[in-house]
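S.K.: This is the structure I want to talk about, given as structure tokens.
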Amino acid sequence: MVRNETDERQVGVKRTVWRSVAALAGMFAFAFALVPLYDVFCKVTGINGKVDTTAQALVHEDVDESRTVTVQFITRSGSGLPWRMEAETRQVRLHPGQTSEVYFTFVNQSDAVSWGRAVPSVSPSTATRHVRKASCFCFEEQQLQAGERLELPLVFQLDRDLPPEVGTVTLVYTLYPIEGRSEPLQADVQTKQGEEA
Amino acid sequence: MWEVIKSVLAAFLGVQREQQRLKDFEKGNPVAFIVTGIVLAAVLVGLIALVAVLAAG
Amino acid sequence: MRTLLVWLAGVLALVGSSQVALARGWNMPVGVSSLSGEIYGLHMTIFWICVVIGVVVFGAMFYSLFRYRHSKGAKSANFHENTTVEIIWTAIPLLILIGMAVPATATLQKIYDPSDADLDVMVTGQQWRWRYEYLGEDVSFNSNLATPRAQINGEEERGEHYLLEVDDPLVLPINRKVRFLFTSDDVMHAWWVPDLAVKQDSIPGFVNENWVRIEEPGIYRGQCAELCGVDHGFMPIVVHAVEEEEFDSWLAERKEAAAEEAMGVDREWGMDELMERGEGVFGSICASCHQAEGQGAPPAFPALAGNQQLIEDADWHIDTVLNGVSGTAMPAFRNTLNPVELASVITYTRNAWGNETGDVIQPSDIAEQLEE
Amino acid sequence: MAPKVPPQPILEQSSTAAEAGHGHAHHAPPKGILRWLLTTNHKEIGSLYLIFSLTMFFIGGIFALVVRLELFQPGLQFVRPEFFNQMTTMHGLIMVFGAIMPAFTGLANWMIPLQIGAPDMALPRLNNFSFWLLPVAFGLLLSTLLMPGGGPNFGWTFYAPLSTVYAPPSTTFFILSLHIAGISSILGAINIIATILNMRAPGMRLMDMPLFVWTWLITSFLLIAVMPVLAGVVTMMLMDINFGTNFFNAAGGGDPVLFQHLFWFFGHPEVYIMILPAFGIVSAIIPTFARKRLFGYASMVYATAAIAILSFLVWGHHMFAVGMPLVGQLFFMYATMLIAVPTGVKVFNWVATMFRGSISFEPPMLFALAFVVQFTIGGFSGLMLAIAPADFQYHDTYFVVAHFHYVLVPGALFAILAGAYYWLPKWTGHYPNLRLSQWHFWLSVIGVNLTFFPMHFSGLAGMPRRIPDYALQFADFNLASSVGSFIFGFSQLLFVAVIVLCVRGGQKAPARAWGDYTDDLEWSVPSPAPLHTFETPPTFHRPAH
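Put into structure tokens, the structure is as follows:
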């Protein structure tokens, strides 16, 4: 009787332990799964101005001429990249639904090739979801040869659902170096040139 | 089913008559209570989110 | 019995202290912005609700402790549940909470108002100072702690605004909506001025937004509110709120001064004037990490005095100051200091504390390199 | 807290303890240090946990006193800001992971088998292992203070990128020590769940268990759910620092705010991990000294479960200032406010238990009553902090410091002290010295309130937390806090004296040390509890209604 009970207990303990270990493994995996989930969540809600870094199709909808929105462009430099980055236009005024194209200049002021990435951010965060970028230098990493100067476009539109109280949208780009890619592989250089051609 | 939901809701509020609780624990299937609890918790989350979305306008 | 009296005294002290709490300096300031008064009101409403609940709950508790003492021969009753009572004390707090949530939601909606502002200011946190840029106005400056280290170390008497004073305060107009864009160059900071009821994190790589409409002119002080490293306690914020006309003329003056400074770039500068200017820039910008005598604080902050790489390689030195070093606390100063400041501080560090290179770096050379 | 267990198992007879014939089943335990190193006995491991946590409590306390010493008056007098930051960080880490959590685990080890009528924990060897991980973890953590660049200096919340790109070189060791401490907690939690679910005395159903067991069961589930998330976060940090990933680094396409979301997804349930077992202890003590059954046992269990579930939905209230969208802000505000309901139910139940009781004021009761009052004060400031627009003004100020210290010191810590006084007669067979206990209590209450109450004012008046020096208008508040902290800190030496005296002798306690008003099983074994109890499971008798 006593024997049986202890055996039963041992079986029960074993079962509980395995279930707990399974739950643990699941939660550990969940922590890592939260990283992409968070990105999706940000995309949907526009938390802290984190924006989509893939191209979106422009929508040809009627331009809403009843309102004009100011779009500001701000560029900032993170540390460790000898580049100058400037918006050719500091701000534009446009109607929701209208497509706009602005250019940004990048100059590598050092005598070595280097890689950089412009990290985009949008304010106010409620506007994030309503900025549609068809083409942006922020979608991919950029490479500049020593002394190279590059003009890159940003093609975007504001969708018509932009909340009516938003009158100004600020697009901020912060330039950061890409670590460990100061000496690019030859293949990379060729692909890049191929793309440009 | 309705009985189970009622019991779980009572548990959410933290009020339950002793007799009802004893009844639940004697004949109720624990899995049914746990599943109902999780579903109702999810409903609660949805409800708070809905109120938040409505309040944000 | 004595125990109970002390407890009662404690409760009375609590109620008493809540009265004291209404006095200025013990409580949240009412503030001077269009929303700060509302936030203060919300704070006081919840506070008094808590006080009332506290008096009722603690009252019932101390009454029971006093009335049903074992030492006075109390016999315990035998009840241990009552569904009606339990439903009531679940429902009442729920109603109170809903009552609190309604005004809180209304205030929050007002805070989240993205409508157009009259003035946009970009606020950048940097270890350990704030940088302000008036967007579209070509006016920008750094705002450093102005309290001398001697006061902090107790070698001098502390002034009235000890640790809450800066060299170049943020100047804002009253009665205009000012939009802030917050970001950071390195770690997270938080910009907080209690009187304006604005607290927002500044996050590297991202922008955050908030706004204020100040209703009374005056000087308002605040501090960084997010641990950001060694000198987190030493990066205050000072806001001068002035009348609209005064603000316009101040802004025009600053624009003119900036233009004048830009003119100075082209002329040839002498060693002495660069050294003098450089010492000032070093003191306010560099000394918090690299220390007053350039001795640094390794391993995080390398020494500059006697630094062989710095002495031997001027180009590397200039590149480091202009572009920073990624993955370290050394930021890029290309956009935050002007060519005169850059040239003078580089000249200074190449010639101070026994770094006798004799190099004179001209502002025009720096400007050329920046505009390449 | 260190009862000296008799070196040889003394098998005293009692109505429910082992039959004498079972004695030979145990090998004579090894002597000296090896005995403690290899012990698999839940009581001995419980004592080890409690001694360890008391040691950590004093180390973390010394760090806190360094902080308070520096803040005694404006200016930098005793330590430099870099060391100050290490002290605040280490104080937080040691108190949370080294003092409060192991203290509850120690009490669980000692009391859960006794309260459910089990002979030991379900996995005794694992139990030994999970304890000995702790000295390793905290030895490693403390050693970082001596490494070049110093120990962790980024606050116990270690927000990236201050804790990654800008961290001292010792951070890798900090991460390792958190991993080890985390594994220890997880193993402890598995053991507790396995014990509670499988080892109960015949006839004892879940809803018959004492509330301390219930709260620990729920706490263990929380631990299993969130400690892996903490492990995940610090692993990501480790990878960011050493392997070039960019989870939290904006420069590489990561997001520093993601760190905070992940951290607080762990961190908020962690707060409840540190308070739920306290609810259990207080729910055992108040009925005993009010000589009346606990009011609303079922609603206490449900409220605990409700708090645990809600704790997963409120992490965002730590981040109201990071710039969440309005909907997120509102969601977290509403969810946080809801927690006040089950928490309120608990407080009301305790008060209702006292109502029409027959109350006496022995030391455990004093600490439990102080817990109820002061925890509630912490709850009130928590409710204020939940209101997002007002939180913009409270966030990261001393108001927050006051709030969580009220919840954790006169809250969690007082409950641990209450539990220690309550069970000391069971552990040692002697009552704690009454006069010394009362001195300990009153000095603690005065010290704790003098320390933390003025922090409400300095925070509201505008003093940010984690600063080594402050503006002159905060000087009086800080002076009071510093004086209070020294009173509180030194009065804890009285507690050590009480324990030492209690282990060595004192008034003998009977099996039912606090009278017949509690049915919990631990009071059915003799005092001191013999090394082996309930080798034959007792039969559980449900109290008559």
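Residue numbers (the working numbering), protein chains in the order written: chain A, 1 to 197; chain B, 1001 to 1057; chain C, 2001 to 2372; chain D, 3001 to 3545. Beta carbons: idealized from backbone N, C-alpha and C, even for Gly. Every value quoted in this text rests on a predicted model; they were computed, and no experiment measured them.
Identify the contact partners of B:ALA1055 in chain C, using a Cβ-Cβ distance below 7 Å as the criterion.
M.R.: Those within 7 Å of B:ALA1055 in chain C are THR2105.
S.K.: How should C:ASP2113 be labelled, buried or exposed, when 16 other C-beta atoms within 10 angstroms of its C-beta is the threshold for buried?
M.R.: Flag for C:ASP2113 reads exposed.
S.K.: Looking at chain C, which residues of the stretch 50-83 of chain A have a Cβ within less than 9 Å of any of its Cβ atoms?
M.R.: Taking 9 Å as the Cβ-Cβ cut-off against chain C, the residues of the stretch 50-83 of chain A that qualify are LYS50, THR70, GLN72, ILE74, THR75, ARG76, SER77, GLY78, SER79, GLY80, LEU81, PRO82, TRP83.
S.K.: Is any beta-carbon of chain A found at less than 9 Å from that of D:ALA2970?
M.R.: What is shown of chain D runs 3001 to 3545, which leaves residue 2970 of chain D out entirely.
S.K.: Quick one: list the residues of chain D neighbouring B:ALA1041, beta-carbon separation under 7 Å, in chain order.
M.R.: Here the neighbours are ILE3309.
S.K.: Is there at least one non-hydrogen atom of the ligand MG closer than 8 Å to the beta-carbon of A:VAL155?
M.R.: For the structure depicted, the ligand MG is absent and the ligand set is empty, with no information on it obtainable.
S.K.: Just tell me which of D:SER3381, D:MET3056, D:ILE3387 has its CA closest to the CA of D:HIS3403.
M.R.: The residue with the shortest Cα to Cα distance from D:HIS3403 is D:SER3381.
S.K.: Along the chain, which unbroken stretches of the alpha helix (DSSP H) at least 4 residues long are found entirely within the stretch 3217-3273 of chain D?
M.R.: Counting only runs of 4 or more, we get 3256-3273.
S.K.: Where A:LEU150 and C:SER2036 are concerned, what is the direct C-alpha to C-alpha distance, given to the nearest angstrom?
M.R.: Taking the straight line from one Cα to the other gives about 47 Å.
S.K.: Are any of the Cβ atoms in chain C nearer than 9 Å to that of D:ASN3109?
M.R.: Taking Cβ atoms only, chain C never reaches closer than 9 Å to D:ASN3109, which makes this a no.
S.K.: Could you work out which residues of chain A lie near D:ILE3224, taking near to mean beta carbons separated by less than 8 Å?
M.R.: Those within 8 Å of D:ILE3224 in chain A are SER20, ALA23, LEU24, MET27.
S.K.: Might you give, ordered along the chain, the residues of its own chain that have their beta carbon closer than 6 Å to the beta carbon of C:VAL2212, omitting 5 neighbours on each side?
M.R.: Correct list, in chain order: SER2033, VAL2178, LEU2196, VAL2198.
S.K.: Where does the unbroken alpha helix (DSSP H) through D:ILE3196 begin, and where does it stop?
M.R.: That run of the alpha helix (DSSP H) goes 3171-3198.
S.K.: What is the residue span of the beta strand (DSSP E) that A:ALA87 lies within?
M.R.: Taken as a continuous stretch (DSSP letters only), the beta strand (DSSP E) holding A:ALA87 covers 83-87.
S.K.: Cβ closer than 7 Å: which chain B residues qualify as neighbours of D:ALA3335?
M.R.: Within 7 Å Cβ-Cβ: ILE1048.
S.K.: If you measure from the beta carbon of C:MET2061 to each beta carbon in chain D, is any gap under 9 Å?
M.R.: It does: the Cβ of C:MET2061 has a partner Cβ on chain D nearer than 9 Å.
S.K.: With D:ARG3542 and C:HIS2232 assumed to form a contact (beta carbons below 8 Å), what rounded beta-carbon distance in angstroms separates them?
M.R.: Incorrect: roughly 58 Å between the Cβ atoms, too far for contact.
S.K.: Return helix, strand or coil for D:VAL3096, following the three-state DSSP convention.
M.R.: Three-state result, D:VAL3096: helix.
S.K.: Could you check what DSSP says for A:SER258 in three-state terms: helix, strand or coil?
M.R.: With chain A represented from 1 up to 197, any question about residue 258 of chain A goes unanswered, as that position is not in the structure.
S.K.: Straight-line CA distance for D:TYR3049 to D:TYR3394?
M.R.: Going by the C-alpha atoms only, they are around 36 Å apart.
S.K.: In the DSSP output, which residue or residues are listed as bridge partners for D:PHE3441?
M.R.: Looking at the DSSP assignment, D:PHE3441 forms no beta bridge with any residue, so it has no partner.
S.K.: With a threshold of 9 Å between beta carbons, is D:PRO3124 in contact with chain A?
M.R.: Taking Cβ atoms only, chain A never reaches closer than 9 Å to D:PRO3124, which makes this a no.
S.K.: Using a Cβ distance threshold of 8 Å, determine whether the stretch 3262-3281 of chain D contacts the stretch 3297-3317 of chain D, with at least three qualifying pairs required.
M.R.: Touching, yes.
S.K.: So the candidates are C:PRO2236, C:GLN2223, C:HIS2317, C:PRO2173; which of them puts its Cα closest to the Cα of A:GLY80?
M.R.: With distances taken between Cα atoms, A:GLY80 lies closest to C:HIS2317.
S.K.: Note down, in chain order, every chain D residue with its Cβ under 9 Å from the Cβ of B:ALA1032.
M.R.: Going along chain D, no residue has its Cβ under 9 Å from B:ALA1032, so there is no contact; the nearest lies around 16 Å.
S.K.: Can the beta-carbon of C:LEU2181 be found closer than 9 Å to that of C:GLU2226?
M.R.: Contact flag unset, no.
S.K.: Count the other C-beta atoms from every protein chain shown that fall within 10 angstroms of the C-beta of D:GLY3021, then say buried if there are 16 or more, exposed otherwise.
M.R.: Because the pLDDT at D:GLY3021 is just 40, under 50, the model does not fix this residue reliably, and the point stays unresolved.
S.K.: Is the shortest distance between the beta-carbon of D:ASP3391 and the beta-carbons of chain A less than 9 Å?
M.R.: Closer than 9 Å: no.
S.K.: What span of residues does the alpha helix (DSSP H) with A:PHE156 cover, start to end?
M.R.: No alpha helix (DSSP H) contains A:PHE156, which is instead part of the beta strand (DSSP E) from 149-158.
S.K.: Just by C-beta distance, which residues in the stretch 2146-2179 of chain C are closer than 8 Å to chain D?
M.R.: From the stretch 2146-2179 of chain C, only GLN2151, ILE2152, ASN2153, GLY2154, ARG2158, GLU2160, HIS2161, TYR2162, LEU2163, LEU2164 have a Cβ closer than 8 Å to chain D.
S.K.: Using the Cα positions of D:TYR3302 and D:ALA3194, report the straight-line distance between them to the nearest angstrom.
M.R.: If you take the alpha carbons of D:TYR3302 and D:ALA3194, they lie about 21 Å apart.
S.K.: I want to see whether chain D comes within less than 9 Å of C:GLU2093, judged by CB atoms only; does it?
M.R.: Here residue 2093 of chain C is Pro; the residue named in the question, Glu, does not match the sequence. Chain D, which has a Cβ nearer than 9 Å to the Cβ of C:PRO2093, makes this yes.
S.K.: For C:GLN2223, go through chain D and note every residue whose CB falls closer than 7 Å to its CB, in chain order.
M.R.: Chain D residues near C:GLN2223: PRO3464.
S.K.: Any C-beta of chain D sitting closer than 9 Å to the C-beta of A:PHE106?
M.R.: It does not: the Cβ of A:PHE106 has no partner Cβ on chain D nearer than 9 Å.
S.K.: Answer yes or no: does any C-beta atom of chain A fall closer than 9 Å to that of D:GLY3232?
M.R.: Yes - at least one Cβ of chain A is within 9 Å of the one on D:GLY3232.
S.K.: To the nearest angstrom, how far is the alpha carbon of C:PRO2299 from that of C:LEU2274?
M.R.: Approximately 29 Å, taken between the alpha carbons.
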